[in-house]
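Encoded as C-alpha cells, the structure appears first; notes follow it.
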Amino acid sequence: MKMIGAYVLRSIGNKHWIGVLAIGLVFWIQSCQKEGTTPEYRNVAREISLTAFEKSIKESGSQIGKMIKSGAIDISQDGTTSGKGLDDHSLKLKRELKPVLGHSRELLTTYGISEDFLAREFSNPEDPRIILAGLWLMAAERQGTSSRMQNRAQILNFGLFAQENSLTEAKPDWMECMLAAVGVDAIVEFLKGNVTEAIARKAIRKIASRTLGWVGVALALYEYGNCMGWY
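Put into C-alpha cells, the structure is as follows:
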C-alpha cells in the first residue's frame, strides 16, 4: 500500500509540474505572438524598412540620373518634361520607380499608416506621390539621428578634433535637400521631435496636395539624391 501511495503522489507531482510547464509554454507563445506590437519590435522593423527604402532610392535615382544625362528625358526649367514621347517617359520612370513605391508603402505601415488611409488621400494605390511621403519620413528620421549624433559629439567634447571626426563634420542636410527637391515648406513645422503617426499623416496630406506624376516624382527623387551627394 505504501508503494502504491508513493506512486500516486509521484504521479500527481509529475502532472502538477507538467501543468505548470504547459501554462508557461502558453504564456511564452502568446508573448511571441504579441512581439510585433512592442515598441522595440516596431523600431527594428522601421529601421529595416528605412534601410531598404533608402537603398532603393539610391539605386533608382542613379538610373534616373543616367536617363537625364543621356538625353532620354529632357527637363525644362520649370521641371516639366518637354518633347515628344511624354507617355513613354512616364512608363519608363514608372517601371523604374515601382520597387521604390513598394518600399515606401512598407515603410509607411511601420508608422501605422494603412492602405485605406493612402487610398483616401491619393485615390490610387500606385500614386507616385506615395514615394515622396516615404522620402519625407526617411529624411525626418535620418535628420533626427544626425542631430542626436552631433549633440552627443559636442557633449563629449569631440569638437576639439572636429576636423578629423566624422560625427561633427559638415554634411548635407537631409531636410534641406528634401525641401529643395519637393518644395513642401509647410512640412518643416511637423519636425519638432520624433515622427509619430499623427505627424506622418499631416505630412502625407501636404504631399498629397501637390500635383505630381511619375515624371515629377522621379525628378524630385533625383534632385534629392543629387543634393545629398549620392551620385
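Counting from 47, one number per residue, gives the positions in the sequence shown under my numbering. C-beta: ideal position from N, C-alpha, C; glycine also. Model, not experiment: these values are computed from the prediction.
Relative to the C-alpha of G259, which candidate in R251, L139, A98, A226 has its C-alpha closest? Taking the first residue of the sequence shown as 1, we reach residue 259 at position 213. Comparing alpha-carbon positions, the option among R251, L139, A98, A226 lying closest to G259 turns out to be L139.
Element boundaries [alpha helix (DSSP H), containing Y157]: Working through the sequence shown from its first residue, we reach residue 157 at position 111. Neither: Y157 is in no alpha helix (DSSP H) and is coded neither H nor E.
Less than 6 Å between C-beta atoms, sequence neighbours within five positions excluded: which residues of the same chain meet that for A266? The residue you call residue 266 lines up with position 220 of the sequence shown. Non-local C-beta neighbours of A266 in its own chain, meaning closer than 6 Å and more than five positions away in sequence, comprise A227, V228, ordered along the chain.
Find the nearest neighbour of Y268 within the set V146, R92, I94, L137, judged by alpha-carbon distance. The residue labelled residue 268 in the question sits at position 222 within the sequence shown. The shortest CA-to-CA distance from Y268 to any of V146, R92, I94, L137 is the one to V146.
Which residues in the same chain have their Cβ closer than 6 Å to the Cβ of G107, if we skip the five residues on either side of it in sequence? The count along the sequence shown starts at 1 and reaches residue 107 at position 61. The beta carbon of G107 lies closer than 6 Å to those of L267, Y268, G271 in the same chain, with the five residues before and after it left out.
Between S169 and A249, what straight-line distance do the alpha-carbon atoms span, to the nearest angstrom? Along the sequence shown, read from residue 1 onward, the residue named residue 169 stands at position 123. Along the sequence shown, read from residue 1 onward, the residue named residue 249 stands at position 203. Roughly 17 Å separates the two Cα atoms.
With a threshold of 16 other CB atoms inside 10 Å of the CB of S150, please say whether the residue is buried or exposed. Start at 1 with the first residue of the sequence shown, and residue 150 comes out as number 104. With 16 or more other Cβ atoms within 10 Å, it is buried.
Considering W220, what are the terminal residues of the alpha helix (DSSP H) in which it resides? Along the sequence shown, read from residue 1 onward, the residue named residue 220 stands at position 174. From DSSP, the alpha helix (DSSP H) with W220 extends over 220-228.
Tell me whether P171 is buried or exposed, calling it buried when 16 or more other Cβ atoms sit within 10 Å of its Cβ. Locating residue 171 in the sequence shown gives position 125, where the first residue counts as 1. Taking a 10 Å sphere around the C-beta of P171, we find fewer than 16 other C-beta atoms and assign the residue as exposed.
Inspect the beta-carbon positions of E243 and G158 and report whether they are closer than 7 Å. Working through the sequence shown from its first residue, we reach residue 243 at position 197. Working through the sequence shown from its first residue, we reach residue 158 at position 112. Cβ atoms of E243 and G158: closer than 7 Å.
State the start and end residues of the unbroken alpha helix (DSSP H) segment that holds G271. Reading the sequence shown from its first residue, position 225 is the one you call residue 271. Boundaries of the alpha helix (DSSP H) harbouring G271: 260-274, taken from the DSSP string.
DSSP state of Y277, grouped into three classes? Counting from one through the sequence shown, the residue named residue 277 turns up at place 231. DSSP places Y277 in coil when its eight states are reduced to three.
Nearest by alpha-carbon distance to L154: which of R141, E222, E187 is it? As a first step, residue 154 is located in the sequence shown; it is residue number 108 there, counting from the start. Out of R141, E222, E187, E187 has the C-alpha closest to the C-alpha of L154.
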